[in-house]
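> Numbering (our numbering), first residue to last: -6 to 116. Ideal placement from N, C-alpha and C gives every residue a C-beta, glycine not left out. Quick one: the structure is below, questions incoming.
Okay, structure coming up:
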């Protein structure tokens, strides 16, 4: 037997529908059915898509209270404000650096670092 030899399983339509019916009853989930019949849960997911059984797909339900929704909106506003403040701070720093470059050039210094050293500016 070779390494790449695999057993390819083919399942009949009635068998696939039987599995989906059992899943519909809710007694067993995909993983339990997979173990019981030796089928990968991903294969069951493929059958769900093939037979358009969206009711059997995993769904996530998120329940939030009004207070939580309000808090989330407040936090989103705060994030936007902080982003704007950070952008303003970055722009202010760029403007300050530009002023220092012009001042260093006008005063005859070779670089901004030399001007900062002379003026004892730490950054």
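What runs of the alpha helix (DSSP H), each 4 residues or longer, lie entirely inside the region 0 to 50?
Taking only runs of at least 4 residues, the alpha helix (DSSP H) segments lying wholly in the region 0 to 50 are 6 to 18, 23 to 30 and 34 to 43.
> Counting along the chain, where does the alpha helix (DSSP H) carrying residue 91 start and finish?
Position 98 of the chain shown, counted from the start, is the residue given in the question as residue 91. It spans 59 to 100 - the alpha helix (DSSP H) in which residue 91 sits, taken as one unbroken run.
> Taking residue 6 as the reference, give the member of 44, 28, 18 and 0 with the closest Cα.
Position 13 of the chain shown, counting from 1, holds the residue named residue 6. Of the candidates 44, 28, 18 and 0, the one whose C-alpha sits nearest the C-alpha of residue 6 is 44.
> Is residue 117 near residue 21, with beta carbons less than 8 Å apart?
Residue 117 falls outside the range modelled here, since the chain spans only -6 to 116, and no answer is possible.
> Who are the near neighbours of residue 108 in its chain, counting only those whose CB is closer than 6 Å to its CB and skipping five residues on each side?
Here residue 108 is taken as the residue at index 115 of the chain shown, counted from 1. So the qualifying residues of the chain are 97 and 102.
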